[in-house]
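Comments concern the structure below.
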Amino acid sequence: MDENDLKRYTVILGGGSGILFQPLDETITYILTAKHVLYKDVKDGRGQKIGEELIEKINFSYSNDQSTSIEFEIKKDENYFEHDIADAAILVLKENLGFNQIFVDERATGFDGFSLTGYPAIKRVANDKYDRQVINTLISSNTDLISLRLFIDHLDHSQITGFSGGGIIKTNGDSLLLVGIQSKTPIGDCHGEIQVVPIKRFEEIVDVYDLSKLVPSYLSNIELLINSIIGYNETLPALKPKLQIAIRKQFEQVRCALNSIYSSDYVKKLSTSVTGIKSKRFWTSFLEYALIISLLEVDGVDEDVLSKMNLTKKFIFSDSSKDIYDLYSEVLLFASENISDNCQVLLATNQIPNSPNRRRMLASEVNLDVGNVIDIETIDRVQTSSKIKEIIHLKAIEFDCINSNENTLNQFSIQQFEDILTEIKRLVYEFFNN
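Quick note: to get our numbering, add 3 to the position in the sequence shown (first position is 1).
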C-alpha cells in the first residue's frame with residue numbers, strides 16, 4: 004500500500020469527505036464520515052438558524068472518477084446510522100467495492116506517519132480535488148475527541164473546510180490504519196488544528212445498531228486468503244495444480260474463526276509489533292500456519308488446538324526490515340514466553356530468506372543481542388529462550404519440504420490428491436522431527 008491507496012479509500016461526500024471501509028460482511032461497504040456533513044441548517048422566516056435537520060439525499064464520488072456524482076438516498080436506521088452524541092455517521096452501500104485492506108486503530112497517541120485525507124473546498128474547482136495533509140503533533144485527546152496539529156500549521160478554517168469526514172489514516176505494509184474521522188474545524192485562525200472523532204465512536208454505532216464489525220471481510224471468509232497461500236509458483240508446472248487441489252482439500256480440516264481470533268488476547272502475542280496483526284500478510288501467514296498444523300494433527304485444527312500447539316510449535320510474525328540474522332536474535336527473545344522445552348518457532352516475515360540454511364536455524368546458532376540488559380522481563384526471556392530448539396521460516400515447509408520432494412509428489416496423478424496429501428503429511432512430519 005502507498006499514498007495512492009490513501010486517496011483510493013477517500014471519497015467526496017457532498018461538501019465534505021468520507022472513508023470507504025468494507026466490514027466483516029463482504030456484501031456491503033461503509034462510508035465513514037462526520038455526522039454534520041449529512042445535516043443542513045433550519046432557519047426561521049427572518050433567516051435566523053433555529054436548528055438542523057438530516058438531509059434526504061447526498062451525492063458522493065470516487066477518487067478515480069471525481070466528476071461523476073452518485074446519488075445516495077438517506078434512510079435513517081436503514082442505510083444511514085449515526086452516533087447519538089459524537090460527530091460520527093456510517094452510510095451503508097449495498098455492494099462489495101473491494102476496500103477490505105483497512106483496519107481500525109484505537110490509539111490516542113503516537114500519530115507519526117498519519118495524514119488527514121479529503122477534498123477541501125479550496126480544491127473543488129480543480130480537476131483533482133483530493134488533498135492530503137501530514138499530521139505533525141498531538142495537541143490533546145480524550146475519549147470523545149482528538150485534537151491534532153497539521154505539519155503545515157498556518158492553515159485556517161477556510162483552507163481545511165471540506166476535509167470534514169476525511170480520515171486520519173496511514174499505510175501499514177499491505178494495509179491501511181484508520182484512527183478517526185475529521186470533525187468540525189475550529190472557526191477562525193486555527194493554526195492547522197483539526198479535531199478528530201476517535202474510531203471507537205464508530206465502533207459504538209456498529210454495536211448499538213448491530214451492524215457488521217469494522218474488521219476486514221477476509222477474517223470471516225478464508226477463501227479470500229487461500230489463493231495467496233496455494234500459489235506454488237516455485238514448483239514443477241505439472242505439479243502445481245495437483246498441490247493446489249490437495250491443499251485446498253486439506254483446508255477443510257482448518258476450522259478456525261479468524262474474526263474471533265482477531266479479538267482475542269492470544270493473537271496479540273504472535274506479532275513482534277503492535278500493528279503487525281493489522282495487516283493482510285499476518286492473517287495469510289497465520290492461516291498458512293494453521294494449515295501446517297493441520298497436516299500434523301489427525302483430527303484437524305480449531306482455535307483450542309492452535310492455542311495448545313503454540314507451546315511446542317509457536318507462530319510468530321515480524322514485519323521488521325532487519326537482516327535475517329538480527330531478526331532471528333530478536334525473535335528468539337520475543338518467542339520465549341509460554342513455551343515448552345524444544346519448542347520450534349515458525350516465523351513469518353515480509354521477506355523470504357533465499358537459502359535453506361537461512362530458512363531454518365538452530366537456536367544455538369543465533370547470537371542473542373540483548374545490549375545492556377537492565378529489566379527483569381528481558382533477563383527472564385534470555386533464560387527461557389534456551390527452551391527454543393530452532394527457528395523455522397514458515398516458507399521452509401513449502402520450499403525445503405514440499406518443493407524439494409516435487410519429483411516424488413509429481414508421480415501421482417491429479418485424481419490421486421488424497422495420496423498426495425498422505426505423502427505431504429509424511430514429509431511434513433519428517434521435516435519437523437528431523
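Virtual Cβ for every residue (Gly too), placed ideally from N, Cα, C.
- Between the region 221 to 238 and the region 247 to 255, the count of C-beta pairs closer than 8 Å reaches three or more; the two stretches touch.
- Annotated as distal: Phe402 and Ala351, with beta-carbon spacing of 8 Å or more.
- Ile405 sits close to Ile427, with the two beta carbons spaced by under 8 Å.
- Taking all protein chains in view, the Cβ of Asp134 is crowded by 16 or more other Cβ atoms within 10 Å, so the residue is classified as buried.
- Taking C-alpha positions only, Glu207 is separated from His86 by approximately 8 Å.
- Here Thr278 carries a coil assignment [DSSP, helix/strand/coil].
- In its chain, beyond the 5 residues on either side, Gln25 have a beta carbon closer than 8 Å to the beta carbon of Gly101.
- In this structure, the alpha-carbon of Lys132 lies about 24 Å from that of Ser178.
- For Ser407 and Leu181, the gap between their C-alpha atoms comes out near 42 Å.
- Under the DSSP assignment, Ala351 falls in the beta strand (DSSP E) whose first and last residues are Cys346 to Thr352.
- The C-beta of Val301 has fewer than 16 other C-beta atoms within 10 Å across all chains shown, which makes the residue exposed.
- Between the C-alpha atoms of Thr411 and Leu246 there is a straight-line separation of about 12 Å.
- The three-state secondary structure of Ile149, taken from DSSP, is strand.
- Check the Cα spacing between Ile184 and each of Ser416, Val107 and Tyr42: the tightest is with Val107.
- Each of Phe166, Arg204 and Asn82 was checked against the Cα of Leu148, and the nearest Cα belongs to Arg204.
- In the three-state reduction of the DSSP assignment, Leu57 falls in the strand class, which pools E and B.
- Judged by pairs of C-beta atoms under 8 Å, the region 302 to 318 touches the region 338 to 349, as three or more such pairs exist.
- Sequence-distant Cβ neighbours of Asn345 in its own chain, meaning closer than 6 Å and more than five residues away, are Lys392.
- If you draw a straight line from the Cα of Ile229 to the Cα of Pro123, it is about 40 Å long.
- In the same chain as Thr30, and ignoring 5 residues on each side of it, the C-beta atoms closer than 8 Å to its own belong to Lys97, Glu98 and Asn99, in chain order.
- The C-beta distance from Leu430 to Val385 rounds to 35 Å, too long to meet the 8 Å contact threshold.
- By the neighbour-count definition (other C-beta atoms within 10 Å, threshold 16), Thr425 is an exposed residue.
- Scanning the region 111 to 156 for uninterrupted beta strand (DSSP E) segments of 3 residues or longer gives 118 to 121, 134 to 144 and 149 to 153, listed from N- to C-terminal end.
- In this structure, Glu76 and Glu56 do not form a Cβ contact; the two beta carbons are roughly 16 Å apart against a cut-off of 8 Å.
- The beta-carbon separation of Ser282 and Gly176, rounded to 5 Å, stays under the 8 Å limit for a contact.
- Between Val40 and Ser167, the C-beta spacing is below 8 Å.
- In this structure, the alpha-carbon of Gly17 lies about 15 Å from that of Ala91.
- The residues Cys404, in chain order, have a CB closer than 6 Å to that of Phe434 in the same chain once the five nearest residues on each side in sequence are set aside.
- Of the other Cβ atoms in all chains shown, 16 or more fall within 10 Å of the Cβ of Pro201; this residue is therefore buried.
- Burial is judged here by how many other beta carbons sit within 10 angstroms of a residue's own beta carbon; Glu291 has at least 16 and is buried.
- For Arg363, the enclosing beta strand (DSSP E) starts and ends at Arg363 to Leu365.
- For Asp44, the beta-bridge partners assigned by DSSP are Glu55.
- Glu409 is positioned such that its CB atom lies closer than 8 Å to that of Leu242.
- Residue burial is scored here from C-beta neighbours: Arg363 has at least 16 other C-beta atoms within 10 angstroms and is therefore classed as buried.
- Counting every other CB atom within 10 Å of its CB across the protein chains shown gives Asn357 a total below 16, marking it as exposed.
- Within 10 angstroms of the beta-carbon of Ala338 lie 16 or more other beta-carbons, which makes it buried.
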